[in-house]
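Colleague: Quick note on the numbering used here: the sequence shown kicks off at 4 and runs consecutively. Here a beta-carbon is modelled for each residue, glycine too, at the ideal position from N, C-alpha and C. Since we're looking at a predicted model, the values are computed, not measured.
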Amino acid sequence: MIICLDVGNTNIKYALFEGDDFVLSFRVATEHKKTSDEYGGQLISILKNNGVSPRDINGGIISSVVPPLDYTLERMCLTYLKIKPLVVGAGLRTGMNLKVDNAKEVGADRVVNNVAAVNKYGAPLIVIDFGTATTFNVIDEKCQFRGGVIAPGIKGSLDSLVNGTAKLPRVEIERPDKVIGTNTVTNMQSGIFYGFAGLVEYIVKKIKREMKAEGVRTIATGGFSEIIAREISCIDHVDKLLTLEGLKYLYYLNSTEE
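#1: Express the C-alpha separation of Val121 and Gly249 in angstroms, rounding to a whole number.
#2: Give the DSSP bridge partners of Asn14, in chain order.
#3: Would you list the residues sitting across from Pro155 in a DSSP beta bridge?
#4: Can you find at least 3 beta carbon pairs, one from the region 201 to 216 and one from the region 232 to 239, that sit closer than 8 angstroms?
#5: Relative to the C-alpha of Ile222, which candidate in Tyr42, Ile210, Val241 and Asn14 has its C-alpha closest?
#6: Alpha carbons only, please: which of Ala18, Met99 and Thr13 is nearest the one belonging to Lys243?
#7: Return the bridge partner residues of Cys7 from the DSSP annotation.
#8: Between which two residues does the beta strand (DSSP E) carrying Thr75 extend?
#9: Taking only runs that begin and end inside the region 200 to 243, name each unbroken alpha helix (DSSP H) of 4 or more residues, in chain order.
#10: Please state whether DSSP places Val130 in a helix, a strand or coil.
#11: Along the chain, where does the alpha helix (DSSP H) containing Asp40 start, and where does it finish?
#12: Less than 8 angstroms between the beta carbons of Ser56 and Val10, yes or no?
#13: Looking at Leu245 and Cys7, is the spacing between their C-beta atoms short of 8 angstroms?
#14: Could you tell me the boundaries of the alpha helix (DSSP H) in which Gly167 lies?
#15: Between the C-alpha atoms of Ile131 and Asn190, what's the straight-line distance to the nearest angstrom?
#16: Would you kindly check if the distance between the Cβ of Ile176 and the Cβ of Ile195 is under 8 angstroms?
#17: What's the gap between the Cα of Glu261 and the Cα of Tyr255?
#18: Below 6 angstroms CB to CB, which residues in the same chain sit around Glu21 once its five sequence neighbours on both sides are set aside?
#19: Give the straight-line distance between the Cα atoms of Ser258 and Gly184, rounded to the nearest whole angstrom.
#20: Secondary structure at Asp24, three-state DSSP: helix, strand or coil?
#21: Could you check the C-alpha separation between Phe227 and Val188 for me, to the nearest Å?
#22: For Leu95, tell me which candidate among Asp104, Ile64 and Ile86 has the shortest Cα-Cα distance.
#23: When you compare only the Cα positions, how much space is there between Leu171 and Ile60?
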């Protein structure tokens, strides 16, 4: 069994796979000040509550966009799981060419999403991740990453709106029945929800026009992918496990003996 860690700015998502079979996934809050022992104790507790023994895990891989936690989580794996995890970064085989100005600037999460999407859905593709940031990744018909778009995240935009004003309340992010709100809460929900739905639809339209390719499909992942996909027609598939399945693929790709 292998363990995959997707370390984001807000959450750390874990998944266990037995071969190609998905076993379990869960998430914990990303906390920079936690020690490897604190993360390790938390992990062991969750595994035991789900009937999984740490001894059953014989490999692992980490994708991180939070560099200060890299050493902490690698040490956690060594201490509590007795494994040395692979880390997505320089030197790890991905099978994908990054046709951008500086490949080192591309976040590990974007690389993993792109690899997973190509292997699962083919190409050409647009891969959207609704995370702390909203990223659009463009993959051409030759399965090459050509670049994309980084926009604010939905939750972060709401937080900025609330924190930057004196009287606006914190609201749930959900689809209001009408665009025209009749109170402060529905006004805010309309702006956030329909604003991001429009942002996604317009950017996807512009990307497809620039790609000039036939049969471009759009794959969405991340926390708000389902709610946005229900509103607009340009998203073809929602895949909540895309990043974790990409980590699984990269683990086996790099563990296979030549």
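Modeller: This is what the structure gives:
#1: 10 angstroms
#2: Ala32
#3: Ala136
#4: yes
#5: Val241
#6: Ala18
#7: Ala18 and Ile64
#8: First-last for Thr75: Asp73 to Met79, but that is the alpha helix (DSSP H), not the beta strand (DSSP E).
#9: 228 to 232
#10: strand
#11: Ser39 to Asn52
#12: no
#13: no
#14: No alpha helix (DSSP H) contains Gly167, which DSSP labels as neither H nor E.
#15: 26 angstroms
#16: yes
#17: Per-residue confidence for Glu261 stands at a pLDDT of 42, beneath the threshold of 50, marking its modelled position as unreliable; the derived number appears in the next sentence. Approximately 12 angstroms between the Cα atoms of the pair.
#18: Met4
#19: 54 angstroms
#20: strand
#21: 19 angstroms
#22: Ile64
#23: 47 angstroms
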